[in-house]
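Notes follow once the structure below has been shown.
Chains as they are written, first to last, in our numbering: chain A, 1 to 222; chain B, 223 to 298.
Now the structure itself:
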């Protein structure tokens, strides 16, 4: 399996994401935001956490309009896999690949701590390695993780089993405790928590490792 | 021509920053503030021939996230 990790000015989880992909057995190429093409034969694009373009205008807004994002959109529209974590999730909502938006945390504070998540669905290459309803511990680190969408969109996400992860107790005000969602074809996942920061025993927890392992397993046999 | 774009969270979208400002005003003794909404003002210096429609396109594509924000344009 081959992964591309996009690097924007201000990305700061790009190398952590590459380490997690490699630990699961992927080949990884780092791709600069000004590039106008993805490397050939890429199975999955990772959009890392951080503060792309200093969060200017809105989190993810400038990155979503960068040259490489046109290619990431085309990759997703061809049925390619895309994983956006934290700022990556914000970028995916700004590109329109995922519905809704991420607003300032309801409590206005930047929150950096490990939180309990509940696996909402096992029907995706990202979550197949978990049990439905399983509780896992994954760190969050964000100021703008308050997921919001219209009632119709939230109902549709629930009906179509596209809520990948929920907070056990929402720390940021997210509607329906949403921590991560899937696209309609279930191949694009955006999530605020950082599975790549819980992927090695030295991180203090390994509950995120199953996401990368199940992804690598599914794409190796695809 | 210049354009001034006002971007606000849509009604019904919780604005925790506006709410914090309202609390702070109350703490300073300013009674009677029932609601505060905080937004952004973006000023654009435009070359001749740039139209209000162009600015509207800029708003739709980048300046506002129309999922949660509304915008208005003033030209002068």
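Heads up, the beta-carbon is just placed ideally off N, CA and C, and yes, glycines get one too.
Since the structure is predicted, the reported quantities are computational estimates derived from the model, not experimental observations.
So, does the CB of residue 266 of chain B fall closer than 8 Å to a CB anywhere in chain A?
Working through the second chain from its first residue, we reach residue 266 of chain B at position 44. Output row for residue 266 of chain B: interface = no.
Contact criterion: CB-CB distance below 8 Å. Does residue 225 of chain B meet it with respect to chain A?
For the purposes of this step, residue 225 of chain B is taken as the residue at position 3 of the second chain. Using beta-carbon distances, residue 225 of chain B does not count as an interface residue toward chain A, since no partner is under 8 Å.
Any beta strand (DSSP E) of 3 or more consecutive residues that is wholly inside the segment 96 to 140 of chain A
List check, beta strand (DSSP E) in window: 101 to 103 and 111 to 119.
Given this structure, state the Cα-to-Cα distance separating residue 264 of chain B from residue 61 of chain A, to the nearest angstrom.
Along the second chain, read from residue 1 onward, the residue named residue 264 of chain B stands at position 42. Along the first chain, read from residue 1 onward, the residue named residue 61 of chain A stands at position 61. Put simply, the backbone Cα of residue 264 of chain B is about 15 Å away from that of residue 61 of chain A.
Taking residue 141 of chain A as the reference, give the member of A:176, A:171, A:100 and A:153 with the closest Cα.
If you number the first chain from 1, residue 141 of chain A lands on position 141. For the set A:176, A:171, A:100 and A:153, the Cα lying nearest the Cα of residue 141 of chain A is the one of A:171.
Is DSSP giving residue 210 of chain A helix, strand or coil here?
Residue 210 of chain A sits at position 210 when you count from the first residue of the first chain. Judged by DSSP in its simplified three-state form, residue 210 of chain A adopts helix.
DSSP three-state call for residue 91 of chain A: helix, strand or coil?
In the first chain, the residue the question calls residue 91 of chain A occupies position 91. Secondary structure of residue 91 of chain A (DSSP, three-state): helix.
Reducing DSSP to helix, strand and coil, say where residue 280 of chain B ends up.
Here residue 280 of chain B corresponds to residue number 58 of the second chain, with the count starting at 1. Residue 280 of chain B sits in a helix when the DSSP states are folded into three classes.
Chain-order list of residues whose beta-carbon lies under 6 Å from that of residue 136 of chain A (same chain, five-residue window excluded):
What you label residue 136 of chain A is simply residue 136 of the first chain in a count that begins at 1. The answer, listed in chain order, is 117 and 207.
Once the 5 residues before and after residue 286 of chain B are set aside, which same chain residues still bring their CB inside 6 Å of it?
The residue given as residue 286 of chain B occupies position 64 in the second chain. Residues 229 and 293 of the same chain have their beta carbon placed closer than 6 Å to that of residue 286 of chain B, with the five preceding and five following residues left out of the count.
Looking at residue 24 of chain A: is its Cβ nearer than 8 Å to the Cβ of residue 216 of chain A?
Reading the first chain from its first residue, position 24 is the one you call residue 24 of chain A. Reading the first chain from its first residue, position 216 is the one you call residue 216 of chain A. Taking C-beta atoms as the reference points, residue 24 of chain A and residue 216 of chain A count as a pair closer than 8 Å.
Residues near residue 146 of chain A by beta carbon distance below 8 Å, same chain, minus five either side
Along the first chain, one-based indexing puts residue 146 of chain A at 146. Only 102, 103, 104, 105, 106, 172, 173 and 174 meet the Cβ criterion.
Mind listing the chain A neighbours of residue 276 of chain B? Cutoff is C-beta to C-beta under 7 Å, in chain order.
By one-based count along the second chain, residue 276 of chain B stands at place 54. Residues of chain A with a Cβ closer than 7 Å to the Cβ of residue 276 of chain B do not exist; the shortest Cβ-Cβ separation is about 16 Å.
Hey, how far is the Cα of residue 248 of chain B from the Cα of residue 152 of chain A?
By 1-based counting over the second chain, the position of residue 248 of chain B is 26. By 1-based counting over the first chain, the position of residue 152 of chain A is 152. The alpha-carbon separation between residue 248 of chain B and residue 152 of chain A amounts to approximately 36 Å.
Applying the 10 Å Cβ sphere with the 16-neighbour rule, what's the burial state of residue 250 of chain B?
Stepping through the second chain from its first residue, residue 250 of chain B is reached at position 28. With fewer than 16 neighbouring CB atoms inside 10 Å of its own CB, residue 250 of chain B falls in the exposed class.
When you compare the CB positions of residue 260 of chain B and residue 237 of chain B, do they come within less than 8 Å of one another, or not?
Taking the first residue of the second chain as position 1, residue 260 of chain B is located at position 38. Taking the first residue of the second chain as position 1, residue 237 of chain B is located at position 15. In this structure, residue 237 of chain B lies closer than 8 Å to residue 260 of chain B by Cβ.
Close-in-space but distant-in-sequence residues of the same chain around residue 93 of chain A (CB under 8 Å, 5 per side omitted)
As a position in the first chain, residue 93 of chain A is number 93, starting the count at 1. Sequence-distant partners of residue 93 of chain A (beyond 5 residues in either direction) whose C-beta falls short of 8 Å from its own C-beta, in its chain, are 60, 99, 100, 101, 102 and 190.
Could you list which residues in chain B have their beta carbon closer than 9 Å to that of residue 87 of chain A, in chain order?
Counted from its first residue, the first chain places residue 87 of chain A at position 87. Result: empty, since nearest Cβ-Cβ is about 15 Å, beyond 9 Å.
So, at 7 Å on beta carbons, what are the nonlocal neighbours of residue 210 of chain A in its own chain, with the 5 sequence-adjacent residues on each side left out?
Residue numbering aside, residue 210 of chain A sits at position 210 when the first chain is read from its first letter. Correct list, in chain order: 129 and 130.
Does the contact criterion of 3 or more C-beta pairs under 8 Å hold for the segment 76 to 87 of chain A versus the segment 182 to 197 of chain A?
The segment 76 to 87 of chain A vs the segment 182 to 197 of chain A: in contact.
Chain-ordered chain A contacts of residue 242 of chain B [CB-CB under 7 Å]
Taking the second chain and counting its residues from 1, one reaches residue 242 of chain B at position 20. By Cβ distance, chain A contributes 108.
In the structure shown, what three-state DSSP assignment does residue 166 of chain A receive?
Against the first chain, residue 166 of chain A aligns to sequence position 166. DSSP places residue 166 of chain A within a strand segment (E or B) once states are collapsed to three.
Neighbour flag for residue 284 of chain B against chain A, beta carbons, 8 Å
To locate residue 284 of chain B, count along the second chain from 1; it is residue 62. Yes, residue 284 of chain B counts as interfacial toward chain A.
Give the residues from the segment 245 to 259 of chain B that approach chain A closer than 8 Å (Cβ to any Cβ), ordered along the chain.
Listed in sequence order: no entries.
Going along chain B in order, which residues have a C-beta closer than 9 Å to the C-beta of residue 103 of chain A?
Locating residue 103 of chain A in the first chain gives position 103, counting from the first residue. Taking a Cβ-Cβ cut-off of 9 Å, the neighbours of residue 103 of chain A in chain B comprise 231, 235, 236, 237, 238 and 290, given in sequence order.
Please classify residue 217 of chain A: does DSSP put it in a helix, a strand, or coil?
Locating residue 217 of chain A in the first chain gives position 217, counting from the first residue. Residue 217 of chain A carries a helical assignment under DSSP once its states are collapsed to helix, strand and coil.
Short-range partners of chain B found in the segment 132 to 158 of chain A, where Cβ spacing is below 7 Å
Residues passing the 7 Å Cβ filter: 148.
Establish whether the CB of residue 4 of chain A and some CB of chain B are separated by less than 8 Å.
Numbered from its first residue, the first chain carries residue 4 of chain A at position 4. Proximity of residue 4 of chain A to chain B, defined by a Cβ-Cβ separation below 8 Å, is not satisfied.
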